[in-house]
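Visitor: Let me give you the structure first, and then I'll get to my questions.
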Amino acid sequence: MSEVSLSREHKTALVVALGILWAHAHGTPAGSVHVLIGPDSLAVLIKDAFSPAEQAATQCVEGQQIIQRYVEQLLAIVEPDLRAQIEVATGQRVTLASVHADTAAGHLLCFYNLGDPLERDAENQSRGGCYV
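Here this note's numbering is used: position 48 in the sequence shown is 37, and no number is missing along the way.
Structure below.
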């Protein structure tokens, strides 16, 4: 396993891409996206990921259950794309992913363990190109 290293530009591009991905999937823009990088892991915090109406709905039990089901369905749809963005940005396979949504606080927290480098396709390998 190799250590994760992203340039400031790549990290910024990843933050922007994840924010756009979440906004597109959810329909509302995220407040802010933060990426924390460890030696073989990466964490993503999306603040204000849920609308004020969604957060307000979580104040009663029935509303909490409805929002929780919605968020679980949304995460099932968006998580593979989040994972793919992480793999492309880091050049490493995601070996384990965990996503937690705190709808009452409005945050989304994702943890990714990273493993082996991505395989390069034959054309890029022969040219010494970048990961795809």
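Note that the Cβ used here is the ideal one computed from N, Cα and C, for glycine as well.
1. Comparing C-alpha positions only, which one of N102, L107, P106, E108 sits nearest to G27?
2. For H23, does the three-state DSSP call read helix, strand or coil?
3. Nearest to A12 by CA position, among A94, G104, D70, T47, is which residue?
4. Return helix, strand or coil for C119, following the three-state DSSP convention.
5. Beta-carbon separation of T47 and A94 under 7 Å?
6. So, with DSSP's three-state summary, where would you put L31?
7. Of all the alpha helix (DSSP H) runs that stay within the bounds of the segment -8 to 22, which reach a length of 4 or more residues?
8. Answer yes or no: do L3 and A78 have a C-beta to C-beta separation smaller than 7 Å?
9. Which of helix, strand or coil does DSSP assign to L98?
10. What are the boundary residues of the beta strand (DSSP E) that D91 is part of?
11. Could you give the first and the last residue of the continuous alpha helix (DSSP H) run that contains A45?
Guide: Taking the geometry as given:
1. If you compare the alpha carbons of N102, L107, P106, E108 with that of G27, the shortest gap goes to N102.
2. Correct three-state label for H23: strand.
3. Looking at the Cα atoms, D70 is the closest of the given residues.
4. Because the pLDDT of C119 is 44, which lies under 50, any placement of that residue in the model is unreliable, and the question is left without a value.
5. Their beta carbons are not under 7 Å apart, which means T47 does not touch A94 by this criterion.
6. The answer is strand: DSSP assigns L31 an E or B state.
7. As far as the segment -8 to 22 is concerned, its whole alpha helix (DSSP H) runs of at least 4 residues are -3 to 15.
8. Taking 7 Å as the cut-off, the beta carbon of L3 is found closer than this to the beta carbon of A78.
9. Looking at L98 - three-state DSSP - the assignment turns out to be strand.
10. Residues 81 to 91.
11. If you look at A45, you'll find it in the alpha helix (DSSP H) that goes 41 to 46.
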